[in-house]
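Student: Heads up: the sequence lines are chains Z and A, in that order.
If you use our numbering, the first sequence corresponds to residues 88 to 490, in order.
If you use our numbering, the second sequence corresponds to residues 88 to 490, in order.
We put the CB at the ideal spot given by N, CA and C, even for glycine.
Below you will find the structure I want to go over with you.
Number of protein chains: 2
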Amino acid sequence: MISMDILKELCQKSNSKSILLVLDGLGGISRIPDGKTELETASTPNLDSLACNSITGMVDPISKGITPGSGPAHLSLFGYDPIKYRIGRGVLSALGIGFDFQPSDVAARINFATVAEDGRITDRRAGRLDTEKNGQLCSILNRIKIPGVEIFVRTVKEHRAIVVFRGNGLSGDLTDSDPQRAGVFPLPVRSHNDTREAKETARLANRFIEECRGILSKEEVANMVLLRGFAQFCPLPSMHEIYKLNAAAIANYPMYRGVARLVGMTVLDCGESIEDELDTLAREFQNYDFFYLHIKKTDSYGEDGDFDQKVHIIEKVDKHIPQIMNLDPDVIVVTGDHSTPAVLTAHSWHPNPVLLYSRWCRPDKVRAFSESECINGGLGHINALDIMPLILANALRLNKFGA
Amino acid sequence: MISMDILKELCQKSNSKSILLVLDGLGGISRIPDGKTELETASTPNLDSLACNSITGMVDPISKGITPGSGPAHLSLFGYDPIKYRIGRGVLSALGIGFDFQPSDVAARINFATVAEDGRITDRRAGRLDTEKNGQLCSILNRIKIPGVEIFVRTVKEHRAIVVFRGNGLSGDLTDSDPQRAGVFPLPVRSHNDTREAKETARLANRFIEECRGILSKEEVANMVLLRGFAQFCPLPSMHEIYKLNAAAIANYPMYRGVARLVGMTVLDCGESIEDELDTLAREFQNYDFFYLHIKKTDSYGEDGDFDQKVHIIEKVDKHIPQIMNLDPDVIVVTGDHSTPAVLTAHSWHPNPVLLYSRWCRPDKVRAFSESECINGGLGHINALDIMPLILANALRLNKFGA
Numbered sequence: 088m089i090s091m092d093i094l095k096e097l098c099q100k101s102n103s104k105s106i107l108l109v110l111d112g113l114g115g116i117s118r119i120p121d122g123k124t125e126l127e128t129a130s131t132p133n134l135d136s137l138a139c140n141s142i143t144g145m146v147d148p149i150s151k152g153i154t155p156g157s158g159p160a161h162l163s164l165f166g167y168d169p170i171k172y173r174i175g176r177g178v179l180s181a182l183g184i185g186f187d188f189q190p191s192d193v194a195a196r197i198n199f200a201t202v203a204e205d206g207r208i209t210d211r212r213a214g215r216l217d218t219e220k221n222g223q224l225c226s227i228l229n230r231i232k233i234p235g236v237e238i239f240v241r242t243v244k245e246h247r248a249i250v251v252f253r254g255n256g257l258s259g260d261l262t263d264s265d266p267q268r269a270g271v272f273p274l275p276v277r278s279h280n281d282t283r284e285a286k287e288t289a290r291l292a293n294r295f296i297e298e299c300r301g302i303l304s305k306e307e308v309a310n311m312v313l314l315r316g317f318a319q320f321c322p323l324p325s326m327h328e329i330y331k332l333n334a335a336a337i338a339n340y341p342m343y344r345g346v347a348r349l350v351g352m353t354v355l356d357c358g359e360s361i362e363d364e365l366d367t368l369a370r371e372f373q374n375y376d377f378f379y380l381h382i383k384k385t386d387s388y389g390e391d392g393d394f395d396q397k398v399h400i401i402e403k404v405d406k407h408i409p410q411i412m413n414l415d416p417d418v419i420v421v422t423g424d425h426s427t428p429a430v431l432t433a434h435s436w437h438p439n440p441v442l443l444y445s446r447w448c449r450p451d452k453v454r455a456f457s458e459s460e461c462i463n464g465g466l467g468h469i470n471a472l473d474i475m476p477l478i479l480a481n482a483l484r485l486n487k488f489g490a
Numbered sequence: 088m089i090s091m092d093i094l095k096e097l098c099q100k101s102n103s104k105s106i107l108l109v110l111d112g113l114g115g116i117s118r119i120p121d122g123k124t125e126l127e128t129a130s131t132p133n134l135d136s137l138a139c140n141s142i143t144g145m146v147d148p149i150s151k152g153i154t155p156g157s158g159p160a161h162l163s164l165f166g167y168d169p170i171k172y173r174i175g176r177g178v179l180s181a182l183g184i185g186f187d188f189q190p191s192d193v194a195a196r197i198n199f200a201t202v203a204e205d206g207r208i209t210d211r212r213a214g215r216l217d218t219e220k221n222g223q224l225c226s227i228l229n230r231i232k233i234p235g236v237e238i239f240v241r242t243v244k245e246h247r248a249i250v251v252f253r254g255n256g257l258s259g260d261l262t263d264s265d266p267q268r269a270g271v272f273p274l275p276v277r278s279h280n281d282t283r284e285a286k287e288t289a290r291l292a293n294r295f296i297e298e299c300r301g302i303l304s305k306e307e308v309a310n311m312v313l314l315r316g317f318a319q320f321c322p323l324p325s326m327h328e329i330y331k332l333n334a335a336a337i338a339n340y341p342m343y344r345g346v347a348r349l350v351g352m353t354v355l356d357c358g359e360s361i362e363d364e365l366d367t368l369a370r371e372f373q374n375y376d377f378f379y380l381h382i383k384k385t386d387s388y389g390e391d392g393d394f395d396q397k398v399h400i401i402e403k404v405d406k407h408i409p410q411i412m413n414l415d416p417d418v419i420v421v422t423g424d425h426s427t428p429a430v431l432t433a434h435s436w437h438p439n440p441v442l443l444y445s446r447w448c449r450p451d452k453v454r455a456f457s458e459s460e461c462i463n464g465g466l467g468h469i470n471a472l473d474i475m476p477l478i479l480a481n482a483l484r485l486n487k488f489g490a
């Protein structure tokens, strides 16, 4: 893969418009030996027809055999090496609700939880707390003051919230207080390393938890907080800075909006449905030159083990392909961030099929958009980090390397 | 390729069992243009049938165009970067006979040789000395004392033995005394670099050779030693430490037993034949969760230039595939460590075909296990270092990378 530094040297502006359509968890495996994956089961005449005019291939999100979380998988698609840029869940969650980070802030995810009188956890999600009640409690916890640090508590949804600590000499290298099961006590937050920063931040986090416990003690259900996914925010170079792209994200789930914001995309308001997302794309198409368009439900149904519903979502997306192509993008890439085979009910390591269409793509002989067909595609087997350079090249946005 | 550090973070225990079946020097080339390789000539109904249910591909042992020795080729298959971990032949040979190294020991291979009265070599192998005689001579040479260093001389087989120097400030960066041909004088051992350590170890080695020459002067045949493959021992992290695998090796040649020991495998007692090896596999199958099963003779016949016998060995292995599959391993990989085309009578740079079978492998359309078919396999063209992550993923032993 080419380094970001070199890519930055080569990028130039142009009027071309590119779309990166990500079907989350697209890749699958078959239910029976010799059977078909979700994508192969789905009727996808429009994607297949697009594949005929495209160059195709297979994409490894990270490396052979490695199953990625959504954060690293997306960073990789956006051209940011996920091994170099390791973004913790706390930061991703906070970015997802649009939290305005400053460098070296430390974030963690909060679960409102229920503990019994003896302090043992009885429900790690406080009965999937009402979102409004969550908002009220966050407003109160947001007033907690601890000398030497600023604290921000923000509501997310149901039992989920986030906390951000801002101050000098903080570290995100901390263990969770959430033991990940009921029937036991919350754990003290501990530092993963011996630095003064990590020890001091662990002390702060534990003090914060104590303050929360005091405030919440009069609550019947949400009478405790559990913290996990501590991470320090570290700003990334923006897609504008690296690629000279005016990039927009159309994604309706907080975490994906968060990753997009992290790489400097404008995160557009869009509704909940695929139709809403496509309306947003059409409405904003003249205003940006790169669109990240995210479809979440392929992954959700994969994680639920619902093969048929995943097939259905793929078919639904397929029906909208002509609508997208009518916008006449110069480049469109369709792929997944990782595989989520319904039979595994989880993310997996399997590569995703990819198609890239542009006037200049050099179409291959692949005639269908599927795992088994794209194996023989003209792109070969690539890493997700190769996708942005290929988009930029096909968008005629990359200068020659060397004379 | 993913780094070993990250892989170590991601590995978890499980009850799954994996087999890595290595046909040494498997890959070949045809005798006539447009003809068939050894593997393509062999009748392999069982491997072909397994390929139908597997994902396949091509594997480069080190890098395009690079012909590996057996040591680096195996390290790579075991997931250890052979560029980073350079193990000299002397160390490998000593490991092969179970020598118990201490860190920074320096080892070299010994050939018992015959020299004429003027000192010129007449036979580099002392008439392929009797193994028992070899043992007697090694016992005598083992008594050589040189101040400041401990010396261990151990018999291997026929004309082959090893010597290990133990002490402070030694170096393995030395040239051979073996000129690799008869009719000339043995060479003095020289240091490859200007360090005090290398110069001092060269001096020790030359003094050792002088002592040997004195002791052996009354011998008619084995009246000299030739040293080659100097190398310093450097312990590797074990497969248990990195992969959390309880790994066993079934290999009947010393060097492969040595490499397996180097990465912390338990080296099982097994007989000389393929049948013996498979009996060992069956007997020990419940006791380990990873098996490295090594077939040597594909390589031996390749090096002999015996195309037909190499074909025969492949067919023999094929007949045993059902026996292996009856053990019901969760993952099986079949490949070579490098190619040894009979027409080249030597190791070569050609990639090897690979098949990986597991419940989760996402089978491709390849219907035969061969070089020309596996080119179109779903794994694509991978590096041998990718094999362990793929085995671990398919064995459901890898956690997700990032959130």
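1) Could you work out which residues of chain A lie near Z:Lys151, taking near to mean beta carbons separated by less than 7 Å?
2) Quick one: complete alpha helix (DSSP H) runs, 4+ long, within the stretch 399–462 of chain A?
3) What span of residues does the alpha helix (DSSP H) with A:Leu107 cover, start to end?
4) Measure the alpha-carbon distance for Z:Tyr379 versus Z:Ser141 and round it to whole angstroms.
5) Work out the CA separation of Z:Phe377 and A:Lys383 for me, nearest whole Å.
6) Hey, is the stretch 109–126 of chain Z in contact with the stretch 420–427 of chain Z, meaning 3+ C-beta pairs nearer than 8 Å?
7) For Z:His279, does the count of other Cβ atoms within 10 angstroms reach 16, so buried, or fall short, so exposed?
8) Checking the sheet assignment: what are the DSSP bridge partners for Z:Gln319?
9) Express the C-alpha separation of A:Thr367 and A:Cys225 in angstroms, rounding to a whole number.
10) Contact criterion: CB-CB distance below 8 Å. Does A:Arg512 meet it with respect to chain Z?
11) Counting only beta-carbon atoms, is A:Ala482 nearer than 8 Å to chain Z?
12) Hey, would you say Z:Leu365 sits closer than 8 Å to Z:His407, going by beta carbons?
13) According to the Cβ coordinates, are A:Val243 and A:Ala194 closer than 8 Å?
14) If you measure from the beta carbon of A:Leu442 to each beta carbon in chain Z, is any gap under 8 Å?
15) Inspect the CB distances between the stretch 168–183 of chain A and the stretch 315–322 of chain A and report whether three or more fall short of 8 Å.
16) I need the straight-line Cα distance from A:Cys461 to A:Ala455, nearest angstrom please.
17) Alpha carbon to alpha carbon, how far is A:Asp217 from A:Arg277?
18) Run through chain A and tell me which residues come within less than 9 Å of Z:Ile170, C-beta to C-beta.
19) Here's the rule: buried if 16 or more other CB atoms are within 10 angstroms of the residue's CB, otherwise exposed. What is Z:Asn486?
20) Kindly list the residues whose CB is nearer than 6 Å to the CB of Z:His381, restricted to its own chain and excluding five residues on each side of it in sequence; keep chain order.
21) Are there three or more Cβ pairs, one per stretch, closer than 8 Å when the stretch 128–139 of chain Z is compared with the stretch 396–406 of chain Z?
22) Would you kindly work out how many angstroms separate the C-alpha atoms of Z:Ala334 and Z:Met352, rounded to a whole number?
23) Under DSSP, the alpha helix (DSSP H) around A:Thr131 begins and ends at which residues?
24) Considering Z:Arg253, what are the terminal residues of the beta strand (DSSP E) in which it resides?
25) How many angstroms separate the CA atom of Z:Phe165 from the CA atom of Z:Ala336?
26) Quick one: what does DSSP say Z:Asn333 is sitting in, helix, strand or coil?
27) Can Z:Val146 and Z:Pro324 be called in contact, C-beta distance under 8 Å?
28) Which of the residues in the stretch 430–441 of chain Z, read from start to end, lie with their CB under 9 Å from any CB of chain A?
29) Just mark Z:Pro234 as buried or exposed, buried being the case when its beta carbon has 16 or more other beta carbons within 10 Å.
30) Thinking C-beta only, is Z:Gly467 closer than 8 Å to Z:Ala429?
31) Cβ closer than 7 Å: which chain Z residues qualify as neighbours of A:Gly465?
32) Just tell me which of Z:Glu284, Z:Cys139, Z:Thr143 has its CA closest to the CA of Z:Ile478.
33) Based on Cα-Cα distance, which residue from Z:Val308, Z:Gly259, Z:Tyr444, Z:Ile302 lies nearest to Z:Thr201?
34) Kindly indicate if chain A contains any beta-carbon less than 8 Å away from that of Z:Ser459.
35) Using a C-beta cutoff of 8 Å, does A:Lys403 count as contacting chain Z?
36) Under the three-state reduction of DSSP, which class applies to A:Thr69: helix, strand or coil?
Tutor: If we stick to the structure as given:
1) Neighbours of Z:Lys151 on chain A, chain order: Ile469, Asp473, Pro476, Leu477.
2) DSSP runs (the alpha helix (DSSP H)) wholly in the stretch 399–462 of chain A: 458–461.
3) Segment 105–110 is the beta strand (DSSP E) holding A:Leu107; no alpha helix (DSSP H) there.
4) Rounded to whole angstroms, Z:Tyr379 to Z:Ser141 spans 19 Å at the Cα level.
5) Answer to the nearest angstrom: the Cα atoms are 55 Å apart.
6) Yes, they touch.
7) By the neighbour-count rule (16 or more Cβ atoms within 10 Å), Z:His279 is not buried but exposed.
8) The partner list for Z:Gln319 (beta bridge, DSSP) reads Z:Val193.
9) Approximately 31 Å between the Cα atoms of the pair.
10) No answer is possible for residue 512 of chain A: the residues shown for chain A start at 88 and end at 490.
11) Look at A:Ala482: its C-beta is not under 8 Å from any C-beta on chain Z.
12) Yes, the pair counts as a contact, with Cβ atoms nearer than the cut-off.
13) In this structure, A:Ala194 does not lie closer than 8 Å to A:Val243 by Cβ.
14) With 8 Å as the cut-off, A:Leu442 does not count as an interface residue toward chain Z.
15) Put simply, the stretch 168–183 of chain A touches the stretch 315–322 of chain A. At least three CB pairs are less than 8 Å apart.
16) If you take the alpha carbons of A:Cys461 and A:Ala455, they lie about 8 Å apart.
17) Using only the alpha carbons, I get a separation of about 30 Å.
18) Under the 9 Å cutoff, chain A gives Ile89, Ser90, Ile93, Phe488.
19) In the assembly as shown, Z:Asn486 is an exposed residue. Its beta-carbon has fewer than 16 other beta-carbons within 10 Å.
20) The beta carbon of Z:His381 sits closer than 6 Å to the beta carbons of Val109, Ala338, Tyr343 from its chain, once the five residues preceding and following it are set aside; these are given in chain order.
21) Touching, yes, given that three or more Cβ pairs across the two stretches are closer than 8 Å.
22) Roughly 5 Å separates the two Cα atoms.
23) Careful: A:Thr131 lies outside any alpha helix (DSSP H) and carries neither H nor E.
24) 247–253 is the span of the beta strand (DSSP E), which, as asked, contains Z:Arg253.
25) Rounded to the nearest angstrom, the two C-alpha atoms are 11 Å apart.
26) If DSSP states are grouped into helix, strand and coil, Z:Asn333 belongs with coil.
27) Against a cut-off of 8 Å, the Cβ pair of Z:Pro324 and Z:Val146 comes out as no contact.
28) The residues in question are Val430, Leu431, Ala433, His434, Ser435, Trp436, His437, Pro438.
29) Exposed, since its Cβ has fewer than 16 Cβ neighbours within 10 Å.
30) No, Cβ-Cβ distance for Z:Ala429 and Z:Gly467 is not below 8 Å.
31) Those within 7 Å of A:Gly465 in chain Z are Ile462.
32) Among Z:Glu284, Z:Cys139, Z:Thr143, the Cα nearest to that of Z:Ile478 belongs to Z:Thr143.
33) The option with the nearest alpha carbon to Z:Thr201 is Z:Val308.
34) Judged by the 8 Å Cβ criterion, Z:Ser459 is in contact with chain A.
35) It does not; no Cβ of chain Z falls within 8 Å.
36) What the structure shows of chain A is the stretch from 88 to 490, and residue 69 of chain A is not part of that stretch, so it cannot be assessed.
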